[in-house]
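Single-structure report; data block below.
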Amino acid sequence: MNLYEHTIIARQDTSPSELKQLTEKYSKIVEKNNGEIVKTENWGLLNLSYLIKKNKKGSYIHFKIKGNGKTISELEKNESIDKNLLRYLTIKVKKFDLETNYFSKKENDDKSEIKQNN
402 MNLYEHTIIA RQDTSPSELK QLTEKYSKIV EKNNGEIVKT ENWGLLNLSY
452 LIKKNKKGSY IHFKIKGNGK TISELEKNES IDKNLLRYLT IKVKKFDLET
502 NYFSKKENDD KSEIKQNN
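Using my numbering, the first residue of the sequence shown is number 402, and each one after it goes up by one.
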C-alpha cells in the first residue's frame with residue numbers, strides 16, 4: 402500500500418458540525434475503497450494567500466492515508482463536485498511524520514519546551 406497525505410480546504414462559513422460531517426464522509430469513501438485513515442488533523446480556520454471563490458479564509462482538514470491509486474482517485478472525484486470545498490491536494494510520501502503537529506497553538510509549544518529544558 403502507498404502512503405498519502407491529503408489536505409482539503411473547506412469554505413470559511415462552514416460550521417464545525419459540517420466540518421465533522423465532511424471528515425466522516427471522506428473517511429468512509431477511503432475505507433470503502435480498501436484504504437485506511439491513519440490520522441486526521443483539523444488545522445482550523447487559516448488565511449488563504451489569495452482569494453479563492455471570494456473567500457479570504459478556509460478551514461483546513463488533513464488526512465494521512467494508506468491506500469492505492471484507486472482509493473485516491475475515488476476520493477478526489479467526490480471532492481471535485483463538493484460545493485463546500487475550495488481546494489484539495491494529495492501528496493504521495495515515503496513515510497508519515499505522526500509526532501509533529503505543525504498547527505498546534507504556540508502556547509502549548511512554549512510550555513512543552515520549558516518542560517523539556519527542566
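All C-beta atoms, glycine included, are put in the ideal place defined by N, C-alpha and C.
- For L487, the closest alpha carbon among the candidates G468, K458, N403, G445 is that of K458.
- A distance below 8 Å separates the beta carbons of Y405 and I466.
- The C-beta distance from I462 to N443 rounds to 6 Å, short enough to fall under 8 Å.
- Excluding sequence positions up to five before and after F497, its CB lies within less than 8 Å of the CB of L404, E406, V439, K440, K465, all in the same chain and listed in chain order.
- Under the DSSP assignment, G459 falls in the beta strand (DSSP E) whose first and last residues are 456-468.
- Taking the C-beta atoms as reference points, Q422 is found no nearer than 8 Å to L446.
- The DSSP-derived three-state label of K495 is coil.
- DSSP lists K467, V494 as the bridge partner or partners of L404.
- Nearest Cα to S428 within the set K495, L449, E477, T415: E477.
- Residue environment for S416: exposed (fewer than 16 other C-beta atoms within 10 angstroms of its C-beta).
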